[in-house]
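In the UniProt record's numbering, the protein residues as written are 1 to 959.
Here a beta-carbon is modelled for each residue, glycine too, at the ideal position from N, C-alpha and C.
Keep in mind the model is a prediction, meaning the values are calculated, not measured.
What follows is the structure, given as structure tokens:
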């Protein structure tokens with residue numbers, strides 16, 4: 001049984017305890033139990049699993065209760081922590097009382113359920129945010145909490161596949177809400193249905209709601225995608241999911257009844273004549289659709305307690321004071337501009353968690369090249385036939401929105417038509433969930449490029465590897481091939497080119513290619529090195545185990561770590577290091593592949609290094625596993641592993657004597673012998689044996705001939721058991737001449753059972769408490785005060801590093817997949833350089849944001865030394881003109897934009913519909929997310945004050 005299975009079984013067993021036993025649990029026991037179950041449940045999450053909503057207020061009360069005995073967490077770091085880890089978010093000093101029953105009433109809408117056929121018959125509020133209003137808990141966690149506290153109601157939601165690859169998991173907090181219209185009768189009904197349900201299920205539900213006999217009318221009832229009250233597509237593929245059919249939240253679905261089937265609809269024995277709209281109460285349980293409904297609210301985060309504060313976006317939406325009924329077309333609105341006549345100071349209304357879209361749009365709209373292009377006649381460049389595009393609809397929608405935002409007046413624009421097009425062509429941005437602004441920006445740039453691609457028929461091109469040709473020749477060839485297939489205003493303005501160099505770690509084959517880029521995604525890394533703590537063991541009995549902390553390249557490989565450890569322990573030429581990862585007191589793996597990336601070693605791993613004699617032909621490794629008795633039941637004990645295993649090298653032929661293994665093990669344990677304990681020849685022969693002085697040799701390999709003749713003192717004979725290839729245990733404590741056949745063994749595993757008398761003779765503390773690779777502590781004052789430079793982030797992006805194991809490179813020379821080293825160099829820079837700061841990281845059940853402040857230049861961002869192509873005489877200086885900001889956490893954050901109106905030479909804060917001037921020194925903050933730079937014109941001369949300001953800015957970045 002694996003560790004996870006064991007933990008799961010244990011958790012399940014405890015969860016089935018009686019209510020009386022559960023109430024006897026201490027707060028700490030409740031916390032640990034819930035934490036373990038939550039982590040195990042999320043690690044094993046699969047499609048179709050149930051998660052439960054629980055009100056944030058009650059959850060926080062429970063968190064404070066179970067953490068009341070913990071020390072407060074005062075560390076100021078960027079990692080964040082889950083309250084289940086033992087640190088409460090509460091700053092209170094009083095003792096928290098045990099919560100009463102679970103009360104989810106705050107989440108429940110006052111109105112009736114929109115779909116009487118829904119699983120729980122309960123409708124939740126449309127504007128709930130994960131982390132602010134609720135948390136999501138796996139079913140096993142909910143069941144346990146409910147058995148302890150009771151209450152409710154239970155709000156169950158299913159796990160679905162999401163993302164473009166359909167391999168990510170998310171909880172469908174808000175299933176689709178669809179408006180069903182039946183013709184020719186004109187009846188209406190609102191239903192909730194998962195977007196992963198099939199069209200066949202929608203067909204069945206519709207027939208059930210409108211009392212149509214499914215078997216008789218299946219060929220006479222048509223389901224139409226009625227988006228925008230237009231028949232877009234006949235939904236006749238019954239196995240297709242609603243998600244694949246691109247059905248959106250609050251969309252209309254037309255149920256068309258053919259051949260006058262059921263001219264009279266019978267409901268509860270009452271005939272309703274087909275004379276238009278039937279009685280609504282008789283045919284449906286519907287509510288008016290909300291203008292703001294959240295879909296997947298944050299994914300799986302049951303073990304990550306989000307911020308309790310209200311999001312800036314929600315607060316803002318409550319205080320704007322704009323009329324609730326906005327016009328979708330404000331282009332013709334007249335108004336008096338209160339600040340100049342330049343235009344461009346029009347905000348975008350937040351339609352419900354659309355700040356991510358508004359901030360990205362404003363930055364693109366205020367890119368001068370795009371503003372000029374879309375305000376002129378660009379229709380002739382629309383590529384209506386491009387299969388990779390959106391038949392020009394995205395470009396038209398964006399162009400129309402841009403013109404509204406640059407029109408006179410400052411009445412905010414509601415970007416509903418644009419969002420509708422966006423949802424149509426990019427379903428991942430549908431609904432009213434918060435999304436990543438950079439991901440939207442990447443889609444817009446790519447989509448606009450395809451819609452505006454001047455190349456109507458793309459030629460086939462064959463890009464060759466460099467094969468020793470000059471970089472300039474290869475780069476120009478790659479760029480010409482790229483332009484032959486991709487030519488648009490987006491390419492003209494935003495696309496650059498970088499040089500990619502791959503080196504095979506085995507045959508040193510070098511592959512050079514030149515690829516286009518639309519933006520740069522820079523990692524936020526302070527350091528280029530990494531500290532790692534490792535415990536070093538000697539197998540010759542010459543020294544106690546010692547712990548050392550070494551520094552290695554952050555993007556290095558195992559060979560760098562092995563070399564650093566070898567230097568730290570003064571390794572001799574006749575010795576070598578065996579590096580292993582220890583898990584559950586056993587050797588989990590040997591880290592012997594020199595080319596594997598150090599990123600595979602996590603900070604909470606436990607590593608041990610063994611100094612042994614260099615392996616010769618026929619040598620095998622001996623692994624010594626320590627065991628001691630642990631009480632399992634009142635009358636049963638079991639031997640279980642503990643401490644850190646030891647490793648030595650055996651130099652032998654096919655057969656070895658048991659006495660030799662005894663001597664080797666005794667030698668390894670010699671430094672652990674307690675002082676003052678006498679061992680004599682009159683010891684019990686069943687518990688004593690001979691061993692040599694470890695100082696007689698210095699290598700990790702035992703000289704068996706010398707060991708048999710070097711009798712310095714009598715040591716305790718050890719209860720050893722050897723496990724052979726057939727899993728048979730061989731007792732090595734009964735006689736020294738027992739022959740062990742090693743011919744079929746790649747390594748030898750020996751168990752040492754530490755009985756109480758034996759424990760009295762050795763100090764085994766050195767074998768326990770193996771430290772983690774890196775233990776996080778409070779951030780030092782230096783780390784807090786020194787800002788991270790944008791130049792440092794760029795250098796980390798361009799630094800050579802090994803490919804991740806999931807992205808291996810096929811070496812054409814080795815004819816195998818290799819974990820090659822990759823090096824990027826900037827070759828050709830665009831007019832507008834977009835830089836994405838990688839603040840967010842995602843995993844299956846965890847989302848993390850880096851709050852690091854990045855010190856980025858506003859003026860004179862000098863990339864001259866970073867461009868590998870030295871032929872260009874163009875200026876490589878850039879000026880910042882726009883950026884997006886992200887405030888708050890992952891589930892309840894808010895996006896804004898800082899934009900410089902170049903005609904006014906002033907900075908403004910674009911916060912959805914609210915626009916306000918800001919000072920240039922306020923542009924920089926730890927919220928900066930996506931930066932927009934324009935190439936500085938070489939003939940531009942600023943005033944002396946501007947020049948001195950740029951000089952100061954530039955000086956602060958050079959390093």
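Over the uninterrupted alpha helix (DSSP H) stretch that includes residue i, give me the two end residues.
i           : result
residue 66  : 56-66
residue 968 : Any question about residue 968 goes unanswered here, given that the chain covers just 1 to 959.
residue 558 : 558-568
residue 450 : 437-451
residue 362 : 355-365
residue 804 : No alpha helix (DSSP H) contains residue 804, which DSSP labels as neither H nor E.
residue 30  : 27-43
residue 910 : That residue, residue 910, is in no alpha helix (DSSP H); its beta strand (DSSP E) goes 906-911.
residue 213 : Counting along the chain, residue 213 falls outside any alpha helix (DSSP H), and DSSP gives it neither H nor E.
residue 480 : 471-485
residue 791 : 790-798
residue 373 : 368-375
residue 667 : 658-669
residue 200 : 199-209
Between the options, which lies nearest to residue i when the distance is taken from Cα to Cα?
i           : options            : result
residue 343 : 825, 471, 404, 933 : 404
residue 578 : 32, 551, 542, 622  : 622
residue 389 : 802, 741, 435, 446 : 446
residue 102 : 59, 885, 49        : 59
residue 491 : 503, 458, 453, 230 : 453
residue 881 : 509, 369, 468      : 369
residue 444 : 414, 359, 504, 498 : 359
residue 354 : 920, 935, 893      : 893
residue 47  : 625, 184, 25, 196  : 196
Which word fits residue i, buried or exposed, when buried means at least 16 other C-beta atoms lie within 10 angstroms of its C-beta?
i           : result
residue 648 : buried
residue 130 : buried
residue 280 : The predicted model places residue 280 with a pLDDT of 32, which falls under 50 and marks its position as unreliable; any figure quoted below should be read in that light. The residue is exposed, with fewer than 16 neighbouring Cβ atoms inside 10 Å.
residue 441 : buried
residue 917 : exposed
residue 860 : buried
residue 124 : buried
residue 827 : buried
residue 235 : buried
residue 741 : exposed
residue 436 : buried
residue 415 : buried
residue 384 : exposed
residue 711 : With a pLDDT of 36 at residue 711, under the threshold of 50, the modelled position of this residue cannot be trusted, and the question is left open.
residue 185 : buried
When DSSP builds the beta bridges, which residues end up paired with residue i?
i           : result
residue 862 : 877
residue 547 : 535
residue 885 : 896, 928
residue 849 : 840
residue 192 : 177
I want to check one thing, is the minimum distance from the CB of residue i to the heavy atoms of the ligand MN below 6 Å?
i           : result
residue 126 : With respect to the ligand MN, the structure offers nothing, as it holds no ligand at all.
Are the CB atoms of residue i and residue j nearer to each other than 7 Å?
i            : j           : result
residue 255  : residue 180 : yes
residue 558  : residue 514 : no
residue 424  : residue 455 : no
residue 1004 : residue 753 : Absent from the structure is residue 1004, since the part of the chain shown begins at 1 and ends at 959.
residue 611  : residue 538 : yes
residue 397  : residue 374 : no
residue 592  : residue 773 : no
residue 147  : residue 50  : no
residue 803  : residue 820 : yes
residue 885  : residue 896 : yes
Within the continuous beta strand (DSSP E) that includes residue i, where are the two ends?
i           : result
residue 138 : 134-138
residue 590 : 586-590
residue 225 : 221-225
residue 729 : 729-731
Would you say residue i faces chain D, with C-beta separation under 7 Å as the test?
i           : result
residue 257 : Judged by its chain identifiers, the structure shown contains no chain D, having just a single protein chain.
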